[in-house]
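Residue numbers (mature numbering (1 follows the signal peptide of the UniProt record, and there is no 0)): -31 to -1, 1 to 486. Glycine residues also receive a C-beta, built at the ideal position from the N, C-alpha and C atoms.
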């Protein structure tokens, strides 16, 4: 290996180790969401060094004891539909139909309460369901259990109902046209819509106002239905519907999958091909398949992230934005960001809502671009040290970032879920905020001290470290698969591991600002 490549590989680790004391030297603050001050029993820099050391140690252990050619299509799985109980419940018509009706009913209730209900966010069902239950709770459910969105997506269900009605009324071909989805678009439409969703959450000042939420839901629904009508339901869900793409990525981590055995249902499917060998989590094929061809499998967690296959530039950008978006949310709560915003507003005179929108939007664009640039730079180092093509390596390593994004999302948002989520007890009795008490729970008061600040911090550290260790394992398996020489594969992982260690330290520092400063 050339000296230049050696020095380039050593640089990230050196910068990382020297940066820890500076990151750890910030003053203490209040616990995010709890209003508690918490002083760590040991200095923050010890936690940062310890977490970084744990991730590095996992790489050393993997390099010493885990060899082979990396994971591919083969992994242990158990088809739950082989058992009568699961076949009668999970695949039964009553369960599936009931779930779809419930999803549509909740979708309609969110819109209705948002439009006509009390506009105080805490008294209205819509903000809690959208920002707490759906965005936080349901995302974790998909990653830890399975992709229920593919079954119960209310936008898909309503389109299918309307399409079926149109066909019965004699509309030739139903509601969808025969226009092919432009291959060059890929998942970029989904990424654009997902960006808008995150922008509304983090930047738009009226994101908690129920009526605004209802309007945004209606607007997004209209775009989704238009896309299904123009390009077909399955093509738009696979490429243009932001949450189908987002939950589809998280579902790769989940311990369950749907699979079609036989390949008959896969004929004409652009996603899995005519042979159907790769028909995993292809929900269109699963819906068309005969009952005997369907599988609902238990599998080891995260193995879906190792399935071989090309990763498009759009999908890579989507994964990076998942990580960058939630990191940006955490960054917004740090004194460093607040000081920078105040300085910019003082220099430019852009105070109030215009300044918040301007700099918040610029930040939401700049942070993902910075992440993408860092990722590309470290992949280039991987190529220099271990060989392989840049595009192939960039795509192959992309899904190894998903456990990091998932761990950070859980660490950052679980306090919101367990505190603000308690509002649901009162809101089920009074969803419109009109003073009802349908189930006798309208008087429920949120207990903000249900979890102490110390428990929050230790849980966050554990989640971040665990997510990065899983990511290191995935990167190791990918490198062994992509690079023929195991020694070169191991060497080529070093920059990617350095990037993951760097993000371990940075993410814990960001999380520590509202917790221990």
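Measure the Cβ-Cβ separation of residue i and residue j and say whether it is below 9 angstroms.
i           : j           : result
residue 93  : residue 396 : yes
residue 284 : residue 367 : yes
residue 222 : residue 142 : no
residue 398 : residue 388 : no
residue 25  : residue 466 : yes
residue 119 : residue 213 : yes
residue 67  : residue 150 : no
residue 457 : residue 355 : yes
residue 400 : residue 86  : yes
residue 253 : residue 207 : yes
residue 419 : residue 391 : yes
residue 77  : residue 158 : no
residue 264 : residue 117 : no
residue 365 : residue 451 : yes
residue 224 : residue 269 : yes
residue 464 : residue 350 : yes
residue 231 : residue 256 : no
residue 441 : residue 34  : no
residue 275 : residue 453 : no
residue 226 : residue 460 : no
residue 328 : residue 476 : no
residue 478 : residue 75  : no
residue 196 : residue 205 : yes
Kindly indicate which three-state DSSP category residue i falls into: helix, strand or coil?
i           : result
residue 264 : strand
residue 441 : helix
residue 225 : strand
residue 65  : helix
residue 140 : coil
residue 316 : helix
residue 6   : Since pLDDT at residue 6 reaches only 48, below the 50 mark, its modelled position is unreliable, and the value read off the structure follows with that caveat. DSSP places residue 6 in strand when its eight states are reduced to three.
residue 235 : helix
residue 453 : coil
residue 207 : helix
residue 492 : Any question about residue 492 goes unanswered here, given that the chain covers just -31 to 486.
residue 280 : coil
residue 400 : coil
residue 200 : helix
residue 326 : helix
residue 58  : helix
residue 151 : coil
residue 216 : helix
residue -27 : The predicted model places residue -27 with a pLDDT of 38, which falls under 50 and marks its position as unreliable; any figure quoted below should be read in that light. Helix, per DSSP.
residue 271 : coil
residue 1   : Below a pLDDT of 50, predicted positions are generally treated as unreliable, and residue 1, at 36, falls in that range; the measurement from the model is reported next regardless. Residue 1: coil per DSSP, three-state reduction.
residue 89  : coil
residue 299 : helix
residue 408 : coil
residue 492 : Residue coverage of the chain in this structure runs from -31 to 486, which leaves residue 492 outside it and unanswerable.
residue 414 : coil
residue 426 : helix
residue 123 : helix
residue 116 : coil
Looking at the strands, I want to know which residues DSSP matches up with residue i.
i           : result
residue 181 : Residue 181 is not bridged to any residue.
residue 48  : 266
residue 249 : 228
Among residues of its own chain, excluding the 5 on either side of residue i, which ones have a beta-carbon nearer than 7 angstroms to its beta-carbon?
i           : result
residue 109 : 379
residue 105 : 382, 385, 386
residue 480 : 299, 380, 381, 429
residue 470 : -16, 21, 24, 25
residue 293 : 336, 337, 340
residue 187 : 80
For residue i, I'd like the list of residues in its chain whose CB is within less than 6 angstroms of its CB, leaving aside the five on either flank, ordered along the chain.
i           : result
residue 491 : Within the shown structure, residues of the chain are numbered from -31 to 486, placing residue 491 beyond reach of any answer.
residue 487 : Here the chain covers residues -31 to 486 and nothing more, so residue 487 does not appear.
residue 58  : 64
residue 4   : A caution first: residue 4 carries a pLDDT of 38, below 50, which makes its placement in the model unreliable, though a value can still be read off. None.
Which same chain residues, not among the five before or five after residue i, have their C-beta less than 8 angstroms away from its C-beta?
i           : result
residue 180 : 83, 84, 88
Report, in whole angstroms, the separation of the C-beta atoms of residue i and residue j, which I expect to be a contact under 8 angstroms.
i           : j           : result
residue 297 : residue 342 : Not confirmed; about 15 angstroms, so no contact.
residue 98  : residue 79  : 5 angstroms
residue 248 : residue 233 : Residue 248 to residue 233, Cβ: 10 angstroms. No contact.
residue 372 : residue 271 : 6 angstroms
residue 348 : residue 359 : 6 angstroms
residue 111 : residue 267 : Their Cβ separation, rounded to whole angstroms, is 16 angstroms, which puts residue 111 and residue 267 out of contact at 8 angstroms.
residue 173 : residue 211 : 16 angstroms between Cβ atoms; not a contact.
residue 190 : residue 124 : 6 angstroms
residue 432 : residue 301 : About 20 angstroms; that fails the 8 angstroms criterion.
Check whether the Cβ of residue i lies closer than 8 angstroms to any heavy atom of the ligand GDP, and answer yes or no.
i           : result
residue 154 : You won't find the ligand GDP in this model; it holds no ligand whatsoever.
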